[in-house]
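As you go down the protein sequences, you meet chains A, B, C and D in turn.
For the working numbering, count along the first sequence from 1 and bump the result up by 11.
For the working numbering, count along the second sequence from 1 and bump the result up by 11.
For the working numbering, count along the third sequence from 1 and bump the result up by 11.
For the working numbering, count along the fourth sequence from 1 and bump the result up by 11.
Scroll down for the structure; my scribbles are underneath it.
Number of protein chains: 4
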Amino acid sequence: MGKKAEQKKEYILEKAREVFIKKGYANVTMKDIVSACDISRGGLYLYFSSTKEIFLTLFRREARERTEAVEMAMWEEMTAWRILNDTISQYKEELLGFKPTMAYAVYEFFLENEDERVVRQWQFDGMAEAIREILDYGIENEEFNPVDTNQWGRHIAMFLEGLALTMPVMQFPPERIDEQIYLLLQPLMRKPKALKAPYIMEQTV
Amino acid sequence: MGKKAEQKKEYILEKAREVFIKKGYANVTMKDIVSACDISRGGLYLYFSSTKEIFLTLFRREARERTEAVEMAMWEEMTAWRILNDTISQYKEELLGFKPTMAYAVYEFFLENEDERVVRQWQFDGMAEAIREILDYGIENEEFNPVDTNQWGRHIAMFLEGLALTMPVMQFPPERIDEQIYLLLQPLMRKPKALKAPYIMEQTV
Amino acid sequence: MGKKAEQKKEYILEKAREVFIKKGYANVTMKDIVSACDISRGGLYLYFSSTKEIFLTLFRREARERTEAVEMAMWEEMTAWRILNDTISQYKEELLGFKPTMAYAVYEFFLENEDERVVRQWQFDGMAEAIREILDYGIENEEFNPVDTNQWGRHIAMFLEGLALTMPVMQFPPERIDEQIYLLLQPLMRKPKALKAPYIMEQTV
Amino acid sequence: MGKKAEQKKEYILEKAREVFIKKGYANVTMKDIVSACDISRGGLYLYFSSTKEIFLTLFRREARERTEAVEMAMWEEMTAWRILNDTISQYKEELLGFKPTMAYAVYEFFLENEDERVVRQWQFDGMAEAIREILDYGIENEEFNPVDTNQWGRHIAMFLEGLALTMPVMQFPPERIDEQIYLLLQPLMRKPKALKAPYIMEQTV
DNA sequence: CATGAATGAGAGTTCATTCAT
DNA sequence: GATGAATGAACTCTCATTCAT
């Protein structure tokens, strides 16, 4: 495939992402994506042969990017707080609608495609693992209380997923997101009393 | 509407529920429900005119029942622990697949029907409120540490939703669910150290 | 399925037959049949779900009818000549276009559907077997020379198929068909010299 | 057209032939041929503008070659038996799958293209004529019984076509082909009793 | 000459919805 | 009330054919 084809593929993925964000997964048709891309019906099939293929391509990439961001941050020797915070902040932006999310589409997709669930698990495990690493790092630095970081990795990862799915529908205000994150992370903090919501913001700056 | 018609409607809802559990919302067609009910195609339209109408009827009822269960328990003067535990246990059963759940269908539905999100919010608020009441009750009895029960009501409600959506796809073992609930509730416990996972079970008995 | 549905199915088969006669098999679309039947696109799918299904239904029936006709004639104790002649005459009518034939469609179908060839074989064997019975009967009556009737059953059956496929395209005149049948059957005749083409006709009367 | 273009055209015809043998005519698309030739989509159109054009080119050539083979043999003063036998043997090889045949494609083509049937007729007549010449030659040499060689030329030509169309689907064993040819040619033989099947083979050697 | 991306017509198929019975 | 046949819109997917490069 030439460079131009690669670009076109990229363009289609980008447009398709917008469609998935807007309509979830199950209701998206090839026609929808065709319209969004402003190409011909047959043209899309030159690059992808189903919504499923498009979706999986997008999903795998996003999962990879998300965990890579964490690894990258660790490499740069930022404080554990800062890293955890950035990670969660990215979610926050999505939750607040500043940056749209495919969370729904993801859920619809894996509901419909039972045989692909291993991909989903892989993504979740990757996320949990990345968070575990941050926590280990933070405990070592005496930033966090010592806890079972395997369990807490999963806990935070799962909480973030729940938040991602609940918030868009609920349309909670930003403060409420901070509130929830505060409750989640409190047990990790060495001196929780000293922190005030939205403490995440304070820490960041 | 006669009594017989009422029964038929009830029957249809029951069967439709099974379909939603199995296929989510977006992929369910009137034809699916017709098949599940073993009723004529036109016949279904005498009672409901769309999957949306059927779904909303079911959803409103379930939301009501769930909060009512909590209220009922409070009325019976059970311990806060017992009530919270029963509530969470019901989720656990669903999560472990012993009792099927419409969680996915719910998410799909509200994704597709933006204008109905207020209903979803009402349901979530009802759940959070019910949990808040349990917490207030437990704090009063000195079963729980004093916390902001409004925040914690939402926190637990949201966590349960996240769990409900994550677990079915992940196929985690029961211990992991206990582990997660433990991490969630730990800050509420007066003597967390004394509790071992699966502490929920221990408390129950 | 009610009686009316049965009639409709019959009607569709009848119309579809005309389409297959006219266009063969491979080029026939569900849309063609829909047009021929003057029903809606979706309507056809209530009765048949593919051209393949329609074709096989027609084919099986025709094969059955053709061999049944032979059995029936034997039962009525007609002379072997008369029976063989009638059988061949039916082909002749088809060949001359007085009665249209699906021969082409049959060939196209079994080319395309290798896995159904056993059906074709069953039909051919049935035909060969029926002719063998006529020959045995005729030899017993001393109408025919004694020959290996198994071989000759296949020989005549195969010849008729070849004729059916060649004639429509060739547009040979009726005399030429008689000529060919004469050459085919000559070795069976006890006094071939005494017969003149179109001897089949003479025998019939 | 330059020499190189001529070669390319030749190459395309060769590959297209393989496709027609495998898939008949009606189901063959320009795309199939493009794939088989490993050529660009637009490239094919520089040489041929439809499957029909390609097919007709192939068909005309094959018809010519087949009759030429007969003429050539006569020229070499082989015995009529030997020539007839070689001609039929070539068919046999095709029938047994040792040498693939376009027979099906031919039938499909002329079904679909009524206006081209004159070409088919021309080919059949050519074949019948070639066989007639062999028979005349054989009668003159007193190899065959005297018969109406016009009729018999058509008879044998038609029989071979029938065989070609029936056998591939039926998957008959080689002996059965010999059996059938024996029944066909028997009336021509001066002393048929002396011949045993597969007599064709015996004669050849 | 040659390429292969792009187009759009058209086939298959499914269902929501209607309506005569 | 209840049925299920019938309709037609919408969607998926494939290819013949064109055209810029």
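The C-beta atom is built at its ideal place from N, Cα and C for all residues, glycine as well.
Between residue i and residue j, what straight-line distance do the alpha-carbon atoms span, to the nearest angstrom?
i               : j               : result
C48 of chain B  : A47 of chain A  : 38 Å
A168 of chain C : L57 of chain B  : 59 Å
E104 of chain D : Q162 of chain D : 25 Å
A208 of chain B : V158 of chain A : For A208 of chain B, the pLDDT reaches just 42, beneath the cut-off of 50, and the residue's location in the model is therefore unreliable, although a value from the coordinates is still provided. Whole-angstrom Cα-Cα distance: 14 Å.
Y193 of chain A : A37 of chain A  : 34 Å
D126 of chain A : K34 of chain B  : 14 Å
Q134 of chain A : R71 of chain A  : 8 Å
L241 of chain C : T62 of chain D  : The structure shown does not extend to residue 241 of chain C, since chain C spans only 12 to 216, so no value can be given for it.
Y115 of chain A : V180 of chain B : 14 Å
Q197 of chain D : H166 of chain C : 13 Å
R131 of chain A : G173 of chain A : 15 Å
I32 of chain C  : V30 of chain D  : 26 Å
T98 of chain C  : I142 of chain C : 9 Å
Y102 of chain B : R93 of chain B  : 14 Å
R201 of chain B : E140 of chain B : 22 Å
L122 of chain A : S51 of chain A  : 30 Å
W86 of chain D  : A80 of chain D  : 10 Å
P185 of chain A : R75 of chain B  : 28 Å
L171 of chain A : R187 of chain B : 17 Å
I44 of chain B  : L69 of chain B  : 14 Å
F155 of chain A : E88 of chain A  : 16 Å
R28 of chain A  : A84 of chain A  : 26 Å
A91 of chain A  : G53 of chain D  : 59 Å
E82 of chain A  : L199 of chain A : 21 Å
K42 of chain B  : D136 of chain B : 34 Å
Counting only Cβ pairs nearer than 7 Å, list the residues of chain C close to residue i.
i               : result
E119 of chain D : G35, A37 and E119
Starting from the beta carbon of residue i, find every residue of chain D whose beta carbon is closer than 8 Å, and list them in chain order.
i               : result
P198 of chain C : L194, Q197 and P198
T177 of chain C : F135, M169, E172 and G173
Anything in chain C within Cβ reach of residue i, meaning under 9 Å, just list it in chain order.
i               : result
E123 of chain D : K34, G35, A37 and N38
Quick one: list the residues of chain D neighbouring residue i, beta-carbon separation under 7 Å, in chain order.
i               : result
V180 of chain C : F121, R128 and R131
E190 of chain C : Q162
Please classify residue i: does DSSP put it in a helix, a strand, or coil?
i               : result
M89 of chain C  : coil
Q182 of chain B : coil
G13 of chain D  : coil
S100 of chain B : helix
Y36 of chain C  : coil
L57 of chain A  : coil
T112 of chain B : coil
N161 of chain D : helix
I94 of chain D  : helix
S51 of chain C  : coil
By the criterion of Cβ-Cβ separation under 7 Å, what are the contact partners of residue i in chain B?
i               : result
Y115 of chain A : Y118 and L122
Cβ closer than 9 Å: which chain D residues qualify as neighbours of residue i?
i               : result
W217 of chain C : Because chain C here runs from 12 to 216, residue 217 of chain C falls outside it and cannot be looked at.
So which residues of chain A does residue i contact, with C-beta pairs closer than 8 Å?
i               : result
E186 of chain B : Simply none; closest approach about 11 Å.
Mark residue i as exposed unless 16 or more other C-beta atoms lie within 10 angstroms of its C-beta, in which case mark it buried.
i               : result
N152 of chain B : exposed
Y22 of chain A  : exposed
Q18 of chain A  : exposed
A16 of chain D  : exposed
G149 of chain D : buried
E119 of chain A : buried
M113 of chain B : buried
E190 of chain A : buried
V39 of chain D  : buried
V117 of chain A : buried
G164 of chain A : buried
With DSSP as the reference, please indicate the residues paired to residue i in a beta bridge.
i               : result
F155 of chain C : C:M200
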